[in-house]
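These notes concern the structure reproduced below.
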Amino acid sequence: MMNALTRSNITANPVESNDITEARIKALFLKWMRESYIKDFANQAEIAANTLLEKGIAFTYVSWEVKKRKHKEPIDLEQIAEISPELYEVLGTEGREDEAMALFDRIFDSVDKKGAMKALEDLREVGKAEIPVVKKDISRPVMQSKFVDSEIRFPAYVSDIQKSPRVHVRCLLTVPEIENSIENDGWDKEVGRDLIEHHRGLVNTSASSYSAYERTSTQSRGMTFGSGNSTEYDDVVEIVYTYKRMIDRKDGAEGIYLTTWSPQYGEGFLKHELLSGVEQYPFVCTKLFNNNKRLQDVSTFSDILRGPQKQAKIVRDGWSDNQAVTISPPFLHPVGRAPEQMGAGAWIGVRQNDTYKFLDVPNTGKLGIEIENYVQAEARDLVGLNPESPYSQVRQQSIVDKFLTHIASVLKLSYKAYILYGPDELFFRVTGQADPIQFLRGPIDDELDVRVSFDTQNNDSETMKAKTDAFLQLARTSGSNRFNLGKVEEFVANMIDPVMTDAVVQPAEEAQQEIVEDVTSDLSKIYAGIPVGARSNGGELAIQVIQEYIQQPSTQEKLQSDPAFAQNLQQYSAKYEQQMAQQQNAEIGRLGAAPAELGNIVTEGI
1354 MMNALTRSNI
1364 TANPVESNDI
1374 TEARIKALFL
1384 KWMRESYIKD
1394 FANQAEIAAN
1404 TLLEKGIAFT
1414 YVSWEVKKRK
1424 HKEPIDLEQI
1434 AEISPELYEV
1444 LGTEGREDEA
1454 MALFDRIFDS
1464 VDKKGAMKAL
1474 EDLREVGKAE
1484 IPVVKKDISR
1494 PVMQSKFVDS
1504 EIRFPAYVSD
1514 IQKSPRVHVR
1524 CLLTVPEIEN
1534 SIENDGWDKE
1544 VGRDLIEHHR
1554 GLVNTSASSY
1564 SAYERTSTQS
1574 RGMTFGSGNS
1584 TEYDDVVEIV
1594 YTYKRMIDRK
1604 DGAEGIYLTT
1614 WSPQYGEGFL
1624 KHELLSGVEQ
1634 YPFVCTKLFN
1644 NNKRLQDVST
1654 FSDILRGPQK
1664 QAKIVRDGWS
1674 DNQAVTISPP
1684 FLHPVGRAPE
1694 QMGAGAWIGV
1704 RQNDTYKFLD
1714 VPNTGKLGIE
1724 IENYVQAEAR
1734 DLVGLNPESP
1744 YSQVRQQSIV
1754 DKFLTHIASV
1764 LKLSYKAYIL
1774 YGPDELFFRV
1784 TGQADPIQFL
1794 RGPIDDELDV
1804 RVSFDTQNND
1814 SETMKAKTDA
1824 FLQLARTSGS
1834 NRFNLGKVEE
1844 FVANMIDPVM
1854 TDAVVQPAEE
1864 AQQEIVEDVT
1874 SDLSKIYAGI
1884 PVGARSNGGE
1894 LAIQVIQEYI
1904 QQPSTQEKLQ
1914 SDPAFAQNLQ
1924 QYSAKYEQQM
1934 AQQQNAEIGR
1944 LGAAPAELGN
1954 IVTEGI
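The numbering of the sequence shown is this note's numbering, which starts it at 1354 and goes up by one.
Have a look at this one:
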């Protein structure tokens, strides 16, 4: 599933726009978000994939993170004079320290009293100082994959997470994270400080509230990891984000409200706000199988494989018992006369007609292996991992599509979060682009139709080669002119390697402009007496440029006065004509004759 995500193709089309250029830039922006902008995207996507298979439901929470940090920046008297002439004058006068401190506090609100005194002394002594400056270092979307049985709570009857009246999201935050939220997110300072001082490490595990939120211990190879002891959580505070759909009694409008609170703090809360511009909960919830009406009634891979697992255990236990008896079979001897010793070189006295021998044990090991292989093949069929079964391929594609649809919804939510909370302008780089791309934030109601697609058959190199060859052949030989060959080539390149495609494929306008520039450069060299060869593609456009070039008066004069120039130009043009002739020959070979034409218009197939 992660391989499918890595090799998947992302398309993003604005819902109310047919601008191809805009769609391409937004698709590149989403790819950049996936690769760089969204915090911890790959790890969280892998957690979502695992929970989808193990627990039957993937739940991803999308939020926006803003953090401010202090940096020390140098400043000198010249900069002070530009920023505040009044402060510059006060610094040059002895005995006006109080005025200087007041001006420092007004101009540089991030400088405390001690820092202002130090900066004042340095400016007077050496003419420069360092002052702490607050910058918004981090402003980005955050993706968090949650466990529904331990970190998410909603009513049991809910069948669609977006229709739930309320959703609780449980988090364990560290002290710096709470302090940062107090400064940047407007959390109640008094409640936040009280939580930090008196409620750290008190994780609520009572049966009435969040008893299912945490596994108290996990056994693995005789070792215990984690415990229910709250002393292990001394550095964290339990915080709950409660999202509710509520109706305003004054105007009857529906809105989504967010209340941030802690189960440890009684009735108080850290923040309560209307999420302006938010039309849906910032969650994406996907079930592995939609075979139950309620959201929390799920079927998992563990349920599917429970039967084969029991069968495999019975077969393997029986096979092990049979091998043990085969290796050390029972020994038969006359009643009352057991041999005194057994083993290599043992002497066993035998009377006439007495029989001492090992019991003949049927060897069913091969049969046991065959049965186990059958059970394993059945299990692989059930989860779509049998490469020899066509039905397995269909099931695997269905599971991958579920996961990629989940990721597409996450990217769509992340884009919506950027529209609401992100900067007005961003510059980002993508593979294959020398210059950064400027991206302007769209309107608040901007909607995208996002698709993340991958065909599991592309894992088979032979199948993939056959598909790409057939697709290209169809596009290049179709007489209906319904195929955009450039788009077909780009699509095939994305099937082969989407990362490499971003590096080498350029827009059609840029490709045409590049051909024009290359041919113009070649013509300049030919004019200077330097013979050059034709480019490997773009023959039709090159012929048009050459014909326009020949029609210029200066070129006509050069052709008449310089035979070498005329010969080089004729050879250069002939090479492009040969390219076009080869393409026409391929068409003639397919049809058995030249395609029908009316003037310069091909009417074959009309």
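Glycine is no exception: its CB is placed at the ideal position from the N, C-alpha and C atoms.
| Asked | Found |
| --- | --- |
| Label Trp1700 either buried or exposed according to how many other C-beta atoms from any shown protein chain fall within 10 Å of its C-beta, with 16 as the threshold for buried. | exposed |
| Looking at C-beta atoms only, is the number of pairs between the segment 1444-1458 and the segment 1392-1408 that lie closer than 8 Å three or more? | no |
| Taking 6 Å as the limit between beta carbons, can you name the residues of its chain near Ile1363, skipping five residues before and five after? | Ala1380, Leu1383, Lys1384 and Val1805 |
| In whole angstroms, what separates the C-alpha of Gly1702 from that of Ile1680? | 25 Å |
| Do three or more CB pairs link the segment 1437-1447 to the segment 1667-1674 at distances below 8 Å? | no |
| From the DSSP output, in three-state form, read off Glu1504 for me. | coil |
| Measuring straight from C-alpha to C-alpha, what distance separates Leu1526 and Ile1535? | 12 Å |
| So, is Val1522 buried or exposed, given that buried needs 16 or more other C-beta atoms within 10 angstroms? | buried |
| I need the DSSP call for Trp1385, collapsed to helix, strand or coil. | helix |
| Measure how close the beta-carbons of Tyr1925 and Ala1864 come, nearest whole angstrom, since I'm counting them as under 8 Å. | Contact doesn't hold; Cβ gap of about 20 Å is too wide. |
| Tell me which same chain residues have a C-beta within less than 6 Å of the C-beta of Arg1748, skipping the five on either side of it? | Gly1737 |
| When we look at the beta-carbon of Phe1780 and count the other beta-carbons within 10 Å, is it buried (16 or more) or exposed? | exposed |
| Here's the rule I'm using: 16 or more other beta-carbon atoms within 10 Å means buried, otherwise exposed. How should Lys1666 be labelled? | exposed |
| Thr1404: which of Asn1644, Gly1554 and Ser1498 sits nearest, CA to CA? | Ser1498 |
| Can at least three beta-carbon pairs, one atom from the segment 1712-1730 and one from the segment 1642-1653, be found at a separation below 8 Å? | no |
| Under 8 Å, with one C-beta from each stretch per pair, do the segment 1761-1775 and the segment 1623-1638 reach the 3-pair mark? | yes |
| Between Met1470 and Gln1617, what straight-line distance do the alpha-carbon atoms span, to the nearest angstrom? | 42 Å |
| Based on DSSP bridge pairs, tell me the residues matched to Phe1412. | Lys1499 and Cys1638 |
| Only counting the same chain, and skipping five residues up and downstream in sequence, which positions put a Cβ closer than 6 Å to that of Ile1896? | Tyr1929 |
| Excluding five sequence neighbours on each side, which residues of the same chain lie with their C-beta closer than 7 Å to the C-beta of Phe1824? | Val1841 and Val1845 |
| From Ile1491 to Val1415, what distance separates their C-alpha atoms? | 16 Å |
| Would you mind listing the beta strand (DSSP E) stretches within the segment 1710-1769 that are 3+ residues and don't spill past its ends, in chain order? | none |
| Under the rule that 16 or more other beta-carbon atoms within 10 Å means buried, what is Tyr1510, buried or exposed? | exposed |
| Short check: CB of Arg1647 to CB of Pro1518, under 8 Å? | no |
| With 16 as the cutoff for other CB atoms within 10 Å, does Lys1640 come out buried or exposed? | buried |
| Whole angstroms are fine: how far does the CA of Arg1794 sit from the CA of Ala1376? | 14 Å |
| How about Gly1882: is its Cβ closer than 7 Å to a heavy atom in the ligand FMN? | The ligand FMN is absent from the structure shown, which contains no ligands of any kind. |
| Just how far apart, CA to CA, sit Thr1359 and Ile1531? | 34 Å |
| Please classify Asn1533 as buried or exposed, where buried requires at least 16 other C-beta atoms within 10 Å of its C-beta. | buried |
| Reducing DSSP to helix, strand and coil, say where Lys1481 ends up. | strand |
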